[in-house]
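Undergrad: For any residue, its number in this note's numbering is found by taking its place in the sequence shown, counting from 1, and adding 1474. Yeah, the Cβ is synthetic: ideal placement off N, Cα and C, and Gly gets one too. Keep in mind it's a predicted model, so treat the numbers as computed, not measured.
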Amino acid sequence: MTPRVLPPSASIARRTEGSKKLFAPSAERNAHTICAALKTVAPEQGNALELASGTGQHIVTLAQATPNIRWQPTEVDRDRITSIQAYIDGTHCNNINKPVFLNATRSGWSSTIDPMSLVLLSNLLHLVSDKEVETLVAEVAASLLPGGRFFLYGPFKRSGELISLGDKEFDTNIRTSAPDAGYKDDQWIISHATDFGLLLDKTIEMPANNLALVFAKLE
């Protein structure tokens, strides 16, 4: 992932006093909502990969809710890898692997992991470039087993339009700090995913004008 100067609102995570854990208010707000939506499309069992796991708040919620799925958290930030492990240690979940360093926007990472039944990505695409998104989607497709699911959550343009004032302001703030980043169009994502054999299976409206796009890999 190309280093960028992003607005503070794009990724707020503070260290919990006296702990290795980082705490992100947005992750606290959306973890259970994402989990509820994911459970409607997740396989009954298998291996799951979370890209850009962040602080670790999501992964423990997901793992506790899907005990028959083995989760692999990943991150590109070393402090966040430490935080993820601290959350895992605090919950004693036995279906989460140790977090590993993985840059989801770099070519080739799919060849370094076992094939997955499920890949989850939350709140990243608006913070990276179009080219990085193209690479990420291609690698996700390569990492999935036939019939596997890609669960993609975050804010998007809807058919080229930003649908709220808050979205317009946030997108402008991101692009001011990082001109090659910003909200991605849902139809562009769907079209690009299709090119790599990922067909849109379900669109789920989420709180705060977010979407969950669920793709299925061709059998």
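Counting beta carbon pairs with one atom in the stretch 1497-1516 and one in the stretch 1669-1685, are three or more of them shorter than 8 angstroms?
TA: Taking 8 angstroms as the limit for Cβ pairs, the verdict is that the stretch 1497-1516 does touch the stretch 1669-1685.
Undergrad: I'd like to confirm the pairing. Which residues does DSSP put opposite A1686 in its beta bridges?
TA: For this step, residue 1686 is matched to residue 212 along the sequence shown. Looking at the DSSP assignment, A1686 forms a beta bridge with Y1627, I1678.
Undergrad: Does the Cβ of A1510 have 16 or more other Cβ atoms within 10 Å, making it buried, or fewer, making it exposed?
TA: In the sequence shown, residue 1510 corresponds to position 36, counting from 1. Classification of A1510: exposed, given that the 10 Å Cβ count is below 16.
Undergrad: Is there contact here, the stretch 1659-1667 with the stretch 1579-1592, by at least three beta-carbon pairs under 8 angstroms?
TA: Judged by Cβ distances under 8 angstroms, the stretch 1659-1667 makes no contact with the stretch 1579-1592, as fewer than three pairs qualify.
Undergrad: What residue range is occupied by the uninterrupted beta strand (DSSP E) comprising I1543?
TA: Taking the first residue of the sequence shown as 1, we reach residue 1543 at position 69. 1543-1549 is the extent of the beta strand (DSSP E) around I1543.
Undergrad: Please name the residue in T1579, H1600, N1597 whose C-alpha comes closest to that of V1611.
TA: The residue labelled residue 1611 in the question sits at position 137 within the sequence shown. For the residues T1579, H1600, N1597, the minimum Cα distance to V1611 belongs to T1579.
Undergrad: Check D1659 in the structure and name its three-state DSSP category.
TA: Position 185 of the sequence shown, counted from the start, is the residue given in the question as residue 1659. In this structure, D1659 counts as strand in the three-state DSSP scheme.
Undergrad: Nearest-angstrom Cα distance between I1555 and K1495?
TA: The sequence position of residue 1555 within the sequence shown is 81, counting from 1. The sequence position of residue 1495 within the sequence shown is 21, counting from 1. Taking the straight line from one Cα to the other gives about 10 angstroms.
Undergrad: Tell me F1575's beta-bridge partners as DSSP assigns them.
TA: For the purposes of this step, residue 1575 is identified with residue 101 of the sequence shown, where counting begins at 1. Partner(s): E1549.
Undergrad: Determine, using beta-carbon pairs with one atom in the stretch 1548-1567 and one in the stretch 1627-1636, whether at least three such pairs fall under 8 angstroms.
TA: Cβ pair count under 8 angstroms is below three, so no.
Undergrad: How many angstroms separate the CA atom of T1609 from the CA atom of L1685?
TA: Looking up residue 1609 in the sequence shown gives position 135. Looking up residue 1685 in the sequence shown gives position 211. About 21 angstroms.
Undergrad: Alpha carbon to alpha carbon, how far is L1595 from I1508?
TA: As a position in the sequence shown, residue 1595 is number 121, starting the count at 1. As a position in the sequence shown, residue 1508 is number 34, starting the count at 1. Rounded to the nearest angstrom, the two C-alpha atoms are 10 angstroms apart.
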